[in-house]
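In this text, residue positions in the first sequence follow numbering that gives the first Met the number 0: the first is 0, and each later residue adds one. Cβ coordinates follow ideal geometry from the N, Cα and C atoms, glycine included. Keep in mind it's a predicted model, so treat the numbers as computed, not measured. Inspection log for the structure reproduced underneath, given as structure tokens.
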Amino acid sequence: MTLRLYNTLTNQEEDFTPLDPTGKRVTFYSCGPTVYDYAHIGNFRSFLNADVLRRTLELVGYEVVHVMNMTDVGHMTDDDIADGAGEDKMQVAATRLLEAKKSGNLPQDASDIDPTDPYAVADFYADAFVDDARRLGLKLIHEADERPELMPRPTRYIEPMIQLVKTLIENDHAYLADDGVVYFSVQSFPAYGRLSGNSPDKIRSGEGGRVNEATQAVKKHPADFMLWKPDPSHVMKWPSPWGEGYPGWHLECSVMAMALLGAETDGVIDLHSGGEDNIFPHHECEIAQTCGATGQSHFARYWFHTRFLIVEGEKMSKSKGNFYTLRDLLAKGASPAAIRLELIKTHYRSQANFTFQGLTDSQRQIDRWSRLHDWLHKNSAAPLDEPGPLTTALPAFKAALCADLNVSGAIGTLNEAASRHDTSAQPPAATGAHTYADELRALNAMDSVLGVLDLQHQASLAQSDLDVSQIELLIARRNTARTAKDWAAADRLRDELLEMGIAIKDGPNGTTWSPVVSS
RNA sequence: GGCCGAGUACCCAAGUGGACUAAGGGGACGGAUUGCAAAUCCGUUAUUCAUGGGUUCGAAUCCCAUCUCGGCCUCCA
Numbered sequence: 000m001t002l003r004l005y006n007t008l009t010n011q012e013e014d015f016t017p018l019d020p021t022g023k024r025v026t027f028y029s030c031g032p033t034v035y036d037y038a039h040i041g042n043f044r045s046f047l048n049a050d051v052l053r054r055t056l057e058l059v060g061y062e063v064v065h066v067m068n069m070t071d072v073g074h075m076t077d078d079d080i081a082d083g084a085g086e087d088k089m090q091v092a093a094t095r096l097l098e099a100k101k102s103g104n105l106p107q108d109a110s111d112i113d114p115t116d117p118y119a120v121a122d123f124y125a126d127a128f129v130d131d132a133r134r135l136g137l138k139l140i141h142e143a144d145e146r147p148e149l150m151p152r153p154t155r156y157i158e159p160m161i162q163l164v165k166t167l168i169e170n171d172h173a174y175l176a177d178d179g180v181v182y183f184s185v186q187s188f189p190a191y192g193r194l195s196g197n198s199p200d201k202i203r204s205g206e207g208g209r210v211n212e213a214t215q216a217v218k219k220h221p222a223d224f225m226l227w228k229p230d231p232s233h234v235m236k237w238p239s240p241w242g243e244g245y246p247g248w249h250l251e252c253s254v255m256a257m258a259l260l261g262a263e264t265d266g267v268i269d270l271h272s273g274g275e276d277n278i279f280p281h282h283e284c285e286i287a288q289t290c291g292a293t294g295q296s297h298f299a300r301y302w303f304h305t306r307f308l309i310v311e312g313e314k315m316s317k318s319k320g321n322f323y324t325l326r327d328l329l330a331k332g333a334s335p336a337a338i339r340l341e342l343i344k345t346h347y348r349s350q351a352n353f354t355f356q357g358l359t360d361s362q363r364q365i366d367r368w369s370r371l372h373d374w375l376h377k378n379s380a381a382p383l384d385e386p387g388p389l390t391t392a393l394p395a396f397k398a399a400l401c402a403d404l405n406v407s408g409a410i411g412t413l414n415e416a417a418s419r420h421d422t423s424a425q426p427p428a429a430t431g432a433h434t435y436a437d438e439l440r441a442l443n444a445m446d447s448v449l450g451v452l453d454l455q456h457q458a459s460l461a462q463s464d465l466d467v468s469q470i471e472l473l474i475a476r477r478n479t480a481r482t483a484k485d486w487a488a489a490d491r492l493r494d495e496l497l498e499m500g501i502a503i504k505d506g507p508n509g510t511t512w513s514p515v516v517s518s
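If you want it as structure tokens, here you go:
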């Protein structure tokens, strides 16, 4: 089945075919997090969509080499290209950690880090990101346990960055300006603007309100962007032919993608993903740098961008109080599986609205799929006269994903099939050659892309963090009261559990419980 | 000012010219079940797709205009 994907480069949906002559291997680079702070759920929507794309590629039979960087070079808070004004971001992070340490608010796992060491700060947030990403089921994280090079760190690629800058100067794509900074010359690269539509003649310098007048003057064109800035005062700095300083922030992706994925293809890779804000300037500049050095017509052949997430109908911002990290949501009792589903269920090219209602919806959805999974597992030996509904629906599920990752459509086909199984009853009598194990396989194939059932299973194991014995004691006392028909006492115990954040359900096979999510 | 998206039921969200008398989930309502709830199971819930025109035998889907919302135009996923 051919995957159709929207390519930002051409502004249209295209058939996806990899560069690999055998048509099997796909090279995929994702712009990952900056590690100056905890990643928020908007970041994770982008990373999760990349994960869904990667899993879809695998479902249809490709072998994916997926790389995601973790940006640990300390950029500036007002990082306009020329000047790097403002504070060093790594310095800001360090100060934040130092203050937290003084006030005793430092997270448990950070109590022994040295906030004055920028590498330690970066490591701290990088580790936090890996933990978060693991909880949300990013497949890449598990691979990176064995192959850490799949999650490269720019600070370990400074030398090839310097090499790239040298090459660009030799090719007349870059120049050393009067302020000592090396800039890329956008006018030397006619394709500049192809990805974003912001060609040099269309760019209104300073329209975004963030450029520095003084630095614009030394550049040949206002859109020229920094490749190397000498600055001995920067927290993270390295020697270079242009003085001690730091690299331009677009450089890392070009260098690491070429080194890890494009070594045998002259720096050309199949797929590159990021958030919509990466289109310009970040990815535009990556293309210019990379192609300027390789002479190839393409850097990535397909560009995949996820739209922004808004929260409760509004742009997410700290001042509105709707800014959430994964940790914030977990603290409110949301499960990683529900968060994952909530973040992937809206088409990646639509703006998604994250809501607590949606989180509840997603959790219920997952509970139903889990119940179906358990039921199929329990009855896996039972025969079916014909291929079951999930088995029959699997091609339609794949087809939906192949239509530019129509996750909602795919979930629709799954639900339609799922509703044809009555999980509250025994499987109907049959004698055919098919079995419920086939149905289970189909469900698992679908979940290999959605990636929620394993997370849900892990979460139910992790509930042992709660005081289970206390909960079970209260439930036992309540059931004793119920047997004695002491309804008042039973209801009091139920309320008590609810106050602890535990909802209980009396089923035909006894009482079960689950944590309540609060908004 | 330039470029790019979006507006489908109470909410989330598919569908992008003909099997649409518009998927799926949540909610709500009715029924089964229950000490009462919750959960579960069954059923019902948009003659209509922001608005106004147009193209067409046929439009939620194409075109034009209008309104509304969002993003990018050198911090940002």
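Just to confirm, is the Cβ distance from residue i to residue j under 8 Å?
| i | j | result |
| --- | --- | --- |
| H433 | P382 | yes |
| V254 | L163 | yes |
| D265 | V25 | no |
| K138 | R53 | yes |
| L497 | R477 | no |
| R339 | L135 | yes |
| W237 | V181 | no |
| E142 | L149 | yes |
| C30 | N277 | yes |
| Q59 | Y28 | Looking at the sequence itself, residue 59 is Val, so the reference to Gln does not match. No. Outside cutoff. |
What is the DSSP secondary structure of residue i, counted as helix, strand or coil?
| i | result |
| --- | --- |
| G83 | Reliability of the predicted coordinates at G83 is poor, the pLDDT of 42 falling under 50, and no value is obtained from them. |
| M225 | strand |
| N42 | helix |
| S513 | strand |
| T16 | coil |
| R146 | coil |
| P382 | strand |
| A176 | coil |
| Y182 | strand |
| H220 | coil |
| R95 | helix |
| L194 | coil |
| T33 | strand |
| T76 | With a pLDDT of only 48 at T76, under the threshold of 50, the placement of this residue in the model should not be trusted; the figure read from the coordinates follows. Residue state, collapsed to three classes: strand. |
| G205 | Unreliable positioning characterises G205 in this predicted model, as indicated by a pLDDT of 49, which lies under 50. The coordinate reading is nonetheless provided below. G205 falls in the coil class under three-state DSSP. |
| R339 | helix |
| A49 | helix |
| L137 | coil |
| L4 | strand |
| H65 | strand |
| V129 | helix |
| V451 | coil |
| Q11 | strand |
Just how far apart, CA to CA, sit residue i and residue j?
| i | j | result |
| --- | --- | --- |
| D490 | R481 | 9 Å |
| I286 | D50 | 23 Å |
| L4 | R300 | 11 Å |
| Q186 | L449 | 44 Å |
| P426 | Q364 | 22 Å |
| G247 | P280 | 12 Å |
| A121 | E98 | 16 Å |
| H456 | H249 | 39 Å |
| V217 | I161 | 22 Å |
| I80 | S272 | For I80, the pLDDT reaches just 38, beneath the cut-off of 50, and the residue's location in the model is therefore unreliable, leaving the point undetermined. |
| D360 | I410 | 13 Å |
| A337 | R152 | 30 Å |
| A458 | E263 | 41 Å |
| G500 | H376 | 30 Å |
| T70 | M235 | 13 Å |
| G274 | T430 | 52 Å |
| K397 | M0 | 8 Å |
| P388 | E341 | 25 Å |
| I140 | R146 | 9 Å |
Say the cut is 7 Å; is the CB of residue i nearer than that to a heavy atom of the ligand ATP?
| i | result |
| --- | --- |
| T430 | What this structure holds is no ligand at all, so the ligand ATP is not there to describe. |
Open item on the list: When you compare the segment 272-291 with the segment 176-194, are there three or more beta-carbon pairs, one atom per stretch, that lie closer than 8 Å?
Closed with: Judged by pairs of C-beta atoms under 8 Å, the segment 272-291 touches the segment 176-194, as three or more such pairs exist.
Open item on the list: Three Cβ pairs or more, each shorter than 8 Å: is that satisfied between the segment 35-44 and the segment 318-334?
Closed with: Output reads yes: the segment 318-334 touches the segment 35-44.
Task: Segments assigned beta strand (DSSP E), at least 3 residues, entirely inside the segment 225-273 - done: For the beta strand (DSSP E) assignment, the uninterrupted runs of no fewer than 3 residues enclosed by the segment 225-273 are, from N- to C-terminal side, 244-246.
TODO: Would you be able to state if there are at least three C-beta pairs under 8 Å between the segment 414-425 and the segment 296-313?
DONE: No, the segment 296-313 does not touch the segment 414-425.
Task: alpha helix (DSSP H) segments (min. 4 residues) lying fully within the segment 475-511 - done: Taken in chain order, the complete alpha helix (DSSP H) segments of 4 or more residues contained in the segment 475-511 are 486-498.
TODO: Determine, using beta-carbon pairs with one atom in the segment 168-178 and one in the segment 84-98, whether at least three such pairs fall under 8 Å.
DONE: By the Cβ test, the segment 168-178 is not in contact with the segment 84-98, since fewer than three Cβ pairs between them sit closer than 8 Å.
Open item on the list: Does the structure place the segment 449-458 close enough to the segment 396-404 that three or more beta carbon pairs sit under 8 Å?
Closed with: Flag = no, the segment 396-404 and the segment 449-458 do not touch.
Task: Ordered list of beta strand (DSSP E) runs contained in the segment 399-438, each at least 3 residues - done: Segments of the beta strand (DSSP E) lying fully in the segment 399-438: there are none.
Task: Runs of beta strand (DSSP E) lying entirely within the segment 299-382, each at least 3 residues, in chain order - done: Counting whole runs of 3 or more residues, the segment 299-382 contains the beta strand (DSSP E) stretches 299-305, 308-310 and 351-353.
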